[in-house]
């Protein structure tokens, strides 16, 4: 077991983890933050996307020990005072989600994208979200949501 | 009851979804999020061979591993089963339905067939220990190709049957042989509907909690069909239906893949019974690829007979459809869901259809979005383009010449289309796509020998969904009814509970059904609570598949509100001391004609609860249930147009425009309907251009992950341009039709017709799906069908 110090959604945690523990299972099973989900085992689907030091990463590709000393933001840490974050609000208004399973990852990837590129073109959005799969929406309204969030 | 024009506030409006907020916050109830005290994890040991005798299974090393609670071979669990896993659709009297236990004991029949289970204290410990189970296999020759499996010398999947034929199912109307012999023109085409893997992003997951004191079991499952699972798993496990509660909490994308009753559900139930503790299993993606049903995998032959002027007179179809290694819930019936649609939206006289179902050493096939109808639409729409080519006629003109125009219309296959307007949707789609402008651009590119060629493809379609009239389902040997149920419970505080027998997994039922209830009962939408997916809370239900939830469940809800309003009217008439006929009803309020005296349904709900002043003989409470059995299928239709650009030097196909004009009757929530169409189109386009499950000669699935199986991302798809025409269904009071599958049903043919149109100057008449660059490039080089 390894000791890690990790900040998650602004809260510091000191935890013992197995060296093979993936960050996503640390978040889900040790911290009970089940908003971040697992959709594949090949780092393809992006459902587990979180922010590590502000940058979007697939948390199934990162070991918990690699996040030692880092600040992680999950979907639970995105809104404030009960209000949805602008990206969450845009996904709601544009019907950018159906079953909602890929949504936390899609939202976190969008937050990461807009931090790097505040007003992306349609094409840029489609390529930036290439690593996040959605089987419900055909992406039409996800692209609309990202644009609406960028304009908000 | 006197009913004036109802004030509609919500129906027809793009009401933002009530489901969203907690999904967006990650406050979700996926089964995999759930943990119970004392819970253990199940891992399944699966055969790596597609076909092999099992000569020894030894779980002792797994049992000795740290954190392992139990381990069993298939033989060791044999006594647990009261019956097979269910197949509810033996399509003929002699249809072969092989015994299918959750673990196989004698022979593995596909790569992924379960042979043992290990139960451990954690997900990881169970998985580690599963690696320690020793299984001796004697590999046998395997057959994965459906065309080969039907041959005389093919390896036999189920020894008892002697060969791999499961059934032959015919449907014939009219003197087809005469019509073909008299035809001025005929075409005969062969298409391959490749095997697809549904790839819902949410893996399946099951958690069973036993209550030892009462012998009751609660199963949470990521399923589309909690009610059907309860009935059938009772038969598989011997747990009485009265002791089994199935809950579908938050369930993600199904697309048919969760319209099934799976081995792992049965295994978790019997392990919980045997071990007396909660048992959980969550599918890994690599497991999903082999252990969750696949779709399509059908060889099609279609012939059209036509006059010299292009009037189609008869259709003849022969299918060879892969069932996979076993019959899952509705495997045999999937081709039948398309069997009536091979003449499409065209007025045809003669109809001759036959399907042979065939076992192969592969993952079982079953319902994947559209289920039988994308295949039918593909065959007729591609064949119509071939006929147009042969007649040197514009494909639009040929379609117009053959459209069914009068409704209700009895189609060649014998069913009745209730309403539609195929010209209207085609007209609008042509306008949106600028057909003349497109053809000019195409001619210019062809003229200058541009390396980038463009093509346009049409798919004018009609489909049958909203499964379905129970009597018809009975006549085609389906094992259950097609009704659904809804309960409306008006509570004394003015809030309304709506209990529905459908079970959503992304379709937005909570919002759509709230819109219906809120408008009908005149309450704010926030005051409506929709409950679903729990067999104890909602005992009556037939669940969600086949685009049935609004067309059947939503209509049941409408009828339940009618019943509640009728009872409220008795209460109001009594309290206002007028005759029931003296009341007008609109938007939740009863008004005495010619006065301003009124009472609301909400007022009546409180009165019904206090029961202080009710008419003699009227029971307290304001609640009622309606069970609706539809008199006909639901018949959406429309026109989809795809425009592709093909790089003739590389074979790469880019979908540059996609226009869809659908007719799904009256629309409750246009935003949700658009979303359903978008998602459906994406899946149909993916079949045309990207997705294909491939087995190697030994029966290994070589496309067994999201790395090798191409689920489209946003980067592979364009924006879809979606509009509607509206031909209300006359068979239900809301005029609604199903919409969940239209996009998938229509789009594959549109895209492939566009690909072939782009390549027609090269002499190409067909390209096998998916139209990946290599195939397209070869087709160009060979100047003919690839």
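Chains as they are written, first to last, in this note's numbering: chain A, 2 to 153; chain B, 134 to 919.
Just so it is clear, CB atoms sit at the ideal spot from N, CA and C, and this is done for glycine as well.
ask   = Hey, residue 792 (chain B) and residue 774 (chain B) are a contact pair by Cβ (cut 8 Å); roughly how many whole angstroms apart?
value = Taking the second chain and counting its residues from 1, one reaches residue 792 (chain B) at position 659. Taking the second chain and counting its residues from 1, one reaches residue 774 (chain B) at position 641. About 5 Å separates the two Cβ atoms, so the contact holds.
request  = Step through the CB atoms of chain A and report whether any lies within less than 8 Å of the CB of residue 163 (chain B).
outcome  = Along the second chain, one-based indexing puts residue 163 (chain B) at 30. In terms of beta-carbon proximity, residue 163 (chain B) lines the interface with chain A, with at least one pair separated by less than 8 Å.
inquiry  = At a CB distance below 9 Å, what residues from the region 329-343 of chain B approach chain A? Give them in sequence order.
reply    = Shown in chain order are the members of the region 329-343 of chain B whose Cβ falls below 9 Å from a Cβ of chain A: 331, 332, 333, 334, 335 and 336.
ask   = Where does residue 388 (chain B) fall in DSSP's three states?
value = As a first step, residue 388 (chain B) is located in the second chain; it is residue number 255 there, counting from the start. Correct three-state label for residue 388 (chain B): coil.
task = Count the CB pairs spanning the region 243-261 of chain B and the region 483-501 of chain B that are closer than 8 Å, and state whether there are at least three.
result = Here the region 243-261 of chain B makes contact with the region 483-501 of chain B; the two share three or more CB pairs at distances below 8 Å.
request  = Within the region 623-708 of chain B, note down every full beta strand (DSSP E) run reaching 3 residues or more, in order along the chain.
outcome  = 629-633 and 661-664, all fully within the region 623-708 of chain B.
ask   = Whose C-beta lies closer than 7 Å to the C-beta of residue 120 (chain A) among residues of the same chain, with five residues either side of it excluded?
value = One-based indexing of the first chain puts residue 120 (chain A) at position 119. Contacts found: 151.
request  = Quickly, what does DSSP pair residue 536 (chain B) with across the bridge? List them, please.
outcome  = Within the second chain, numbered from 1, the residue matching residue 536 (chain B) stands at position 403. Among the bridge pairs identified by DSSP, residue 536 (chain B) is matched with B:479.
ask   = Cα separation between residue 969 (chain B) and residue 250 (chain B)?
value = It is not possible to answer for residue 969 (chain B), since the shown part of chain B is limited to 134 through 919.
Of the listed residues A:40, A:114 and A:96, nearest to residue 134 (chain A) (C-alpha basis) = Residue 134 (chain A) sits at position 133 when you count from the first residue of the first chain. Ranked by how close their Cα comes to the Cα of residue 134 (chain A), the residues A:40, A:114 and A:96 have A:40 in first place.
Cross-strand partners of residue 433 (chain B) (DSSP beta bridge) = Numbered from its first residue, the second chain carries residue 433 (chain B) at position 300. DSSP lists B:324 and B:452 as partners of residue 433 (chain B).
query = Using the rule of at least 16 other Cβ atoms within 10 Å of the residue's Cβ for burial, across every protein chain shown, is residue 597 (chain B) buried or exposed?
reply = Taking the first residue of the second chain as position 1, residue 597 (chain B) is located at position 464. Counting the other Cβ atoms within 10 Å of the Cβ of residue 597 (chain B) gives 16 or more, which makes it buried.
query = Can you name the residues of chain A whose CB is closer than 9 Å to the CB of residue 494 (chain B)?
reply = Along the second chain, one-based indexing puts residue 494 (chain B) at 361. By Cβ distance, chain A contributes nothing, its closest Cβ being about 24 Å from residue 494 (chain B), past 9 Å.
query = Would you say residue 156 (chain B) faces chain A, with C-beta separation under 8 Å as the test?
reply = For the purposes of this step, residue 156 (chain B) is taken as the residue at position 23 of the second chain. Yes, contact with chain A.
inquiry  = Run through chain B and tell me which residues come within less than 7 Å of residue 128 (chain A), C-beta to C-beta.
reply    = In the first chain, residue 128 (chain A) corresponds to position 127, counting from 1. Chain B residues near residue 128 (chain A): 848.
key: C-alpha gap between residue 858 (chain B) and residue 507 (chain B), whole angstroms   = On the second chain, position 725 is the one that residue 858 (chain B) refers to. On the second chain, position 374 is the one that residue 507 (chain B) refers to. Whole-angstrom Cα-Cα distance: 21 Å.
task = Compute the Euclidean distance between the alpha carbons of residue 543 (chain B) and residue 595 (chain B), then round it to the nearest angstrom.
result = Indexing the second chain from 1 puts residue 543 (chain B) at position 410. Indexing the second chain from 1 puts residue 595 (chain B) at position 462. Residue 543 (chain B) and residue 595 (chain B): Cα-Cα distance of roughly 13 Å.
ask   = Taking the runs of the alpha helix (DSSP H) that are 4 residues or longer, which of them lie wholly in the region 219-305 of chain B?
value = 256-263 and 279-282, all fully within the region 219-305 of chain B.
message = Closest to residue 673 (chain B) by C-alpha separation, out of B:175, B:213, B:176 and B:362, would be which residue?
response = By one-based count along the second chain, residue 673 (chain B) stands at place 540. Comparing Cα positions, the closest option is B:362.
query = Of all the alpha helix (DSSP H) runs that stay within the bounds of the region 45-118 of chain A, which reach a length of 4 or more residues?
reply = With a minimum length of 4 residues, the continuous alpha helix (DSSP H) runs that stay inside the region 45-118 of chain A are 87-94 and 104-117.
message = Given this structure, state the Cα-to-Cα distance separating residue 434 (chain B) from residue 324 (chain B), to the nearest angstrom.
response = Locating residue 434 (chain B) in the second chain gives position 301, counting from the first residue. Locating residue 324 (chain B) in the second chain gives position 191, counting from the first residue. Spanning the two alpha carbons is a distance of roughly 7 Å.
query = So residue 772 (chain B) is in the alpha helix (DSSP H); what residue range does that whole segment cover?
reply = Indexing the second chain from 1 puts residue 772 (chain B) at position 639. Careful: residue 772 (chain B) lies outside any alpha helix (DSSP H), inside the beta strand (DSSP E) at 770-780.
request  = Report the option in B:549, B:609, B:526 and B:586 whose CA atom is closest to the CA atom of residue 440 (chain B).
outcome  = Locating residue 440 (chain B) in the second chain gives position 307, counting from the first residue. Ranking B:549, B:609, B:526 and B:586 by Cα distance to residue 440 (chain B) puts B:526 first.
query = What's the gap between the Cα of residue 208 (chain B) and the Cα of residue 238 (chain B)?
reply = Start at 1 with the first residue of the second chain, and residue 208 (chain B) comes out as number 75. Start at 1 with the first residue of the second chain, and residue 238 (chain B) comes out as number 105. Going from the Cα of residue 208 (chain B) to the Cα of residue 238 (chain B) covers about 5 Å.
request  = Leaving out five residues on either side along the sequence, give the residues of the same chain with a beta carbon under 6 Å from the beta carbon of residue 269 (chain B).
outcome  = Numbered from 1 along the second chain, position 136 holds the residue referred to as residue 269 (chain B). The residues are 188 and 189.
message = Tell me whether the region 261-280 of chain B and the region 215-226 of chain B touch, counting them as touching only if at least three CB pairs, one residue from each stretch, are closer than 8 Å.
response = The region 261-280 of chain B, when compared against the region 215-226 of chain B, does not touch it at the 8 Å Cβ threshold.
request  = For residue 531 (chain B), I'd like the list of residues in its chain whose CB is within less than 8 Å of its CB, leaving aside the five on either flank, ordered along the chain.
outcome  = Counted from its first residue, the second chain places residue 531 (chain B) at position 398. Counting only Cβ-Cβ distances below 8 Å, and skipping sequence neighbours, we find 443, 517, 520, 521 and 524.
ask   = Closer than 7 Å, Cβ to any Cβ of chain A: which residues of the region 820-841 of chain B, in chain order?
value = Listed by position, the residues of the region 820-841 of chain B near chain A (Cβ gap below 7 Å) are 838, 839 and 840.
ask   = Taking the continuous alpha helix (DSSP H) assigned at residue 143 (chain B), which residues delimit it?
value = In the second chain, the residue the question calls residue 143 (chain B) occupies position 10. Counting along the chain, residue 143 (chain B) falls outside any alpha helix (DSSP H), and DSSP gives it neither H nor E.
For residue 22 (chain A), three-class secondary structure by DSSP = By one-based count along the first chain, residue 22 (chain A) stands at place 21. Three-state result, residue 22 (chain A): coil.
message = Going by DSSP in three states, residue 406 (chain B) sits in which element: helix, strand or coil?
response = By one-based count along the second chain, residue 406 (chain B) stands at place 273. Per DSSP, reduced to three states, the secondary structure at residue 406 (chain B) is helical.
key: Exposure label - residue 645 (chain B); buried when at least 16 CB within 10 Å   = For this step, residue 645 (chain B) is matched to residue 512 along the second chain. Residue 645 (chain B) comes out buried.
key: Residues near residue 895 (chain B) by beta carbon distance below 7 Å, same chain, minus five either side   = Looking up residue 895 (chain B) in the second chain gives position 762. In the same chain as residue 895 (chain B), and ignoring 5 residues on each side of it, the C-beta atoms closer than 7 Å to its own belong to 913 and 916, in chain order.
ask   = Based on the DSSP secondary-structure assignment, which residues constitute the bridge partners of residue 343 (chain B)?
value = Taking the first residue of the second chain as position 1, residue 343 (chain B) is located at position 210. Beta-bridge pairing links residue 343 (chain B) to B:350.
8 Å contact criterion, which residue 165 (chain B) and residue 415 (chain B) should meet: CB distance rounded = Mapped onto the second chain, residue 165 (chain B) falls at position 32. Mapped onto the second chain, residue 415 (chain B) falls at position 282. Confirmed, Cβ separation roughly 5 Å.
ask   = What residue does the beta strand (DSSP E) around residue 732 (chain B) start on, and which one ends it?
value = For the purposes of this step, residue 732 (chain B) is identified with residue 599 of the second chain, where counting begins at 1. The continuous beta strand (DSSP E) containing residue 732 (chain B) extends over residues 731-733.
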